[in-house]
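Novice: Residue numbering for the sequence shown follows this note's numbering, beginning at 60 and increasing consecutively.
The beta-carbon is built from N, C-alpha and C at its ideal position, and this holds for glycine as well.
For reference, the structure I am asking about is given below.
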Amino acid sequence: MSGDSQKTFYLETFGCQMNVHDSEKVIGTLVQQGYRQVETVEQADLILYNTCSIRDKAEQKVFHRLADFKKLQSQGKKFGVLGCVAQQEGDRIFERAPHVSLVCGSASYRNLPEMLVQIEAGKRATGLDDRQTDECFETEFTARTNPYRGYITIIEGCDKFCAYCVVPFTRGKERSRTSDSVLEEARQLVDLGYSEIQLLGQNVNSYKDPAGKRSFAELLAAVGEVPGIKRVRFTTSHPRDFGRDIVEAIDAVPALCDHVHLPVQSGSTRVLGAMQRLYTREQYLERIGWMKSAKREISITTDVIVGFPGETEADFVETLTLLEEVGYDSVFTFKYSPRPNTPALKLDDAIPDQEKARRLEVVMAKQREIQIAQNKRHIGTVREVMVEGRNDLRAQWIGRTSQNKTLNFTASGPAMAKVGTYAQVRILSTFPNSLLGEMVV
Ligand code: 5AD
Ligand code: SF4
């Protein structure tokens, strides 16, 4: 427990960057309420988990954590569950984990100050707002926990209802922020010393400026033109809404990073139909074609699900051939995991777990081969990196390229690297998941 009288909290975050950024806002709100953040559960009066329910494993982690720390309740500690599992499970969390006193979904964080008062008085508090709310969780109390990358939410929620996905149920319907308020926040981030911005949304491509001023591509370009901004990233894109104007914006504005994450999920048009993804393999590849004809080489990454109900061996092979055809720089691969409320729950032809595991291994091995070959193309080139840290054991600096690749490098003589600045690095050798180089003078 804290030595002084100030209330303390510990917060652990699971899941996507939206959750990471929500946590920044939750931290800011708690600090404003007089709490101090601590690094360990032992030091904390209030223990919070910002949770993810995208796959069963992510959800189980939360309940394991809660079970592990149940014994701490006798020390007067309080527990709260935030985020997607909170929204999905609601009051049922109190039954499964009776030592929890706060359950709050992401649409209700603005009510946290009142909920804190309730739990401090020994009561239980729930924030499970109807997710049809128009409200975005905006607060002036955002704590910026990533020293290099400033996150800005531009759209919350998702209206796509892919057959496997829990997000429309946990984060509700789409609502966008005005492009003017996004630009204002970008300027504030520059004043705070940030030069890299990441625009966030479950589906940034369906961004609709409530003031009708700018399309997503226009907003992207405008953020890239804010003085002081060197790098702009955005995630996540849905192929159906991914317009050619985004590639044109990347061509026109140097600050827009040459990296696009475009989740494909499957290479089979039949499976894409069953997933309700609203595009075919050919339409997806058309978008890839736009990116491949861009002026700068755009790094393309994706997400793949294996073992969706009814996925045949032939469907699966189509995913493998798609990986080759696109030549991704990185792929996040997942075994299909049935989620509450989702339409796919009703589908027959579940794939046995062992077979899902086999397909996962095959995809990963294939992609590893592709990455080994892909990364070699960088050898001999000079890339700019943002210096993010130092590995003293290896006497290397850790950098990130505009394409979002990790580029570790050495710097000797007058070429001194400094964390938080940019450096030019010549690439000397490559690995499946990183590059190695030396800083050029
Ligand atoms: N099972 C497996 N993977 C899933 N994803 C989303 N829902 C599921 C699910 N039910 C994956 C998708 C998505 C990524 C964030 O998580 O690939 O793009
Ligand atoms: Fe997980 Fe989706 Fe919630 Fe992000 S929005 S935390 S990925 S369930």
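Could you check whether VAL441 and TYR481 sit closer than 8 Å to each other, using their CB atoms as the reference points?
Specialist: No. Outside cutoff.
Novice: Does the beta-carbon of HIS297 have 16 or more other beta-carbons within 10 angstroms, so that it is buried, or is it exposed?
Specialist: Buried is the call here.
Novice: Looking at C-alpha atoms only, which residue of LEU251, SER82, GLY135, ALA280 is the closest neighbour of LEU171?
Specialist: Among LEU251, SER82, GLY135, ALA280, the Cα nearest to that of LEU171 belongs to SER82.
Novice: Which residues are close to ligand 2, meaning CB closer than 6 Å to any heavy atom, in chain order?
Specialist: After applying the 6 Å Cβ criterion, the set is GLY74, CYS75, MET77, ASN78, CYS111, SER112, ILE113, GLY142, CYS143, VAL225, VAL226, THR229, ARG230.
Novice: Assign TYR343 to one of three DSSP states: helix, strand, or coil.
Specialist: DSSP places TYR343 in helix when its eight states are reduced to three.
Novice: Quick one: does the C-beta of GLN324 sit closer than 7 Å to a heavy atom of ligand 1?
Specialist: True, at least one ligand heavy atom lies under 7 Å from that Cβ.
Novice: Ends of the beta strand (DSSP E) at ALA145?
Specialist: That residue, ALA145, is in no beta strand (DSSP E); its alpha helix (DSSP H) goes 142-148.
Novice: Check whether the region 287-297 touches the region 258-274, counting contact only when three or more Cβ pairs, one atom from each stretch, lie closer than 8 Å.
Specialist: Yes, since at least three Cβ pairs between the region 287-297 and the region 258-274 fall closer than 8 Å, the two stretches touch.
Novice: Using DSSP bridges, identify the partner residues of TYR481.
Specialist: Answer is MET445, bridged to TYR481.
Novice: Just checking ILE364 against ligand 1 - is the residue's beta carbon closer than 7 Å to any of the ligand's heavy atoms?
Specialist: It does: the Cβ of ILE364 is within 7 Å (strictly closer) of some heavy atom of ligand 1.
Novice: Any idea if ALA403 is buried or exposed, counting beta-carbon neighbours within 10 angstroms, 16 or more meaning buried?
Specialist: ALA403 is buried by the Cβ-count criterion.
Novice: Using the rule of at least 16 other Cβ atoms within 10 Å of the residue's Cβ for burial, across every protein chain shown, is ILE431 buried or exposed?
Specialist: Flag for ILE431 reads exposed.
Novice: Can you tell me the Cα-Cα spacing of CYS75 and CYS111, whole angstroms?
Specialist: Cα to Cα, the separation comes out at about 8 Å.
Novice: Quick check: is any heavy atom of ligand 1 less than 7 Å from the C-beta of ARG398?
Specialist: It does: the Cβ of ARG398 is within 7 Å (strictly closer) of some heavy atom of ligand 1.
Novice: Shorter than 7 Å, the distance from the beta carbon of TYR395 to the closest heavy atom of ligand 1, or not?
Specialist: Yes; taking the cut-off as 7 Å, the Cβ of TYR395 has a heavy atom of ligand 1 nearer than that.
Novice: Of all the options ARG418, ASP388, ALA424, ARG336, which has the alpha carbon lying nearest to the alpha carbon of SER493?
Specialist: Answer by Cα proximity: ASP388.
Novice: Using 8 Å as the threshold, is the region 242-257 in touch with the region 419-429, meaning 3 or more CB pairs across them?
Specialist: No, the region 242-257 is not in contact with the region 419-429.
Novice: Considering just the uninterrupted stretch of the alpha helix (DSSP H) at VAL97, what are its terminal residues?
Specialist: Counting along the chain, VAL97 falls outside any alpha helix (DSSP H), and DSSP gives it neither H nor E.
Novice: So what does DSSP say about MET174, is it helix, strand or coil?
Specialist: The answer is helix: DSSP assigns MET174 an H, G or I state.
Novice: Return yes when the Cβ of ASP115 is within less than 8 Å of the Cβ of SER396, no when it is not.
Specialist: Cβ atoms of SER396 and ASP115: closer than 8 Å.
Novice: To the nearest angstrom, report how far apart GLU215 and ASN78 are at their CA atoms.
Specialist: For GLU215 and ASN78, the distance between alpha carbons rounds to 11 Å.
Novice: Measuring only the C-alpha atoms, how far is ALA145 from ARG236?
Specialist: Distance between the alpha carbons of ALA145 and ARG236 is about 24 Å.
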